[in-house]
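For reference, the structure discussed in these notes is given below.
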Amino acid sequence: MKFKFMILLIALPLSVLADIEGKVVRILDGDTLDVLQEGNKISRIRLEGIDAPEKSQPYGQRSRQMLTMLTANKWVNVKSHGSDRYSRILGEVYSPDSINEKMITTGMAWAYRYHGKPTNEKYVTLENKARSEKKGIWSDPNAVEPWKWRRDNK
9 MKFKFMILLI ALPLSVLADI EGKVVRILDG DTLDVLQEGN KISRIRLEGI
59 DAPEKSQPYG QRSRQMLTML TANKWVNVKS HGSDRYSRIL GEVYSPDSIN
109 EKMITTGMAW AYRYHGKPTN EKYVTLENKA RSEKKGIWSD PNAVEPWKWR
159 RDNK
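Numbering (this note's numbering), first residue to last: 9 to 162.
Quick look at the structure:
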């Protein structure tokens, strides 16, 4: 019986498991996008667990371009993890693979840290691999973390 249940779970389309489905209609920066859902509802999504360079920061525009390439005008599924203080939905975005992970593996985002502690160990592992391969932001030996950039450039 357990085997049949597992097969059923594997066979379910990702959309059934998603909290939000829709078409990406706007990319604000390297970790925030807008999804148009059924009924013309737009949801602002903050890619949970990653932190991309700010728009005015080195690699900020390249990070946004990468997120655009991966998601613009594409159908996505978002697994929601609540919302942040700006009322953005925190989520893992899939199309069909994890966009959050792709942003880190391409060197276009850091693994997010809360008070210095990573919120997702898998993302830290992916970040370390991108860093060792000098991808994206990691090609710059003086890359500044977005949280430090925001603090120093208020």
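For each residue, glycine too, the CB sits at the ideal point set by N, CA and C.
- prompt: Would the beta-carbon of Gly-90 fall within 7 Å of that of Leu-98?
  reply: yes
- request: Ignoring anything shorter than 4 residues or poking outside the region 87 to 156, list the alpha helix (DSSP H) runs there in chain order.
  value: 107 to 113 and 129 to 140
- request: Decide if Pro-104 is buried, meaning its Cβ has at least 16 other Cβ atoms within 10 Å, or exposed.
  value: exposed
Between the CA atoms of Glu-153 and Arg-121 - distance to the nearest angstrom: 10 Å
- request: Kindly list the residues whose CB is nearer than 6 Å to the CB of Thr-127, restricted to its own chain and excluding five residues on each side of it in sequence; keep chain order.
  value: Gly-57 and Tyr-120
- prompt: Mapping DSSP to helix, strand and coil, what is Asp-59?
  reply: strand
message: Measuring straight from C-alpha to C-alpha, what distance separates Asp-27 and Val-86?
response: 6 Å
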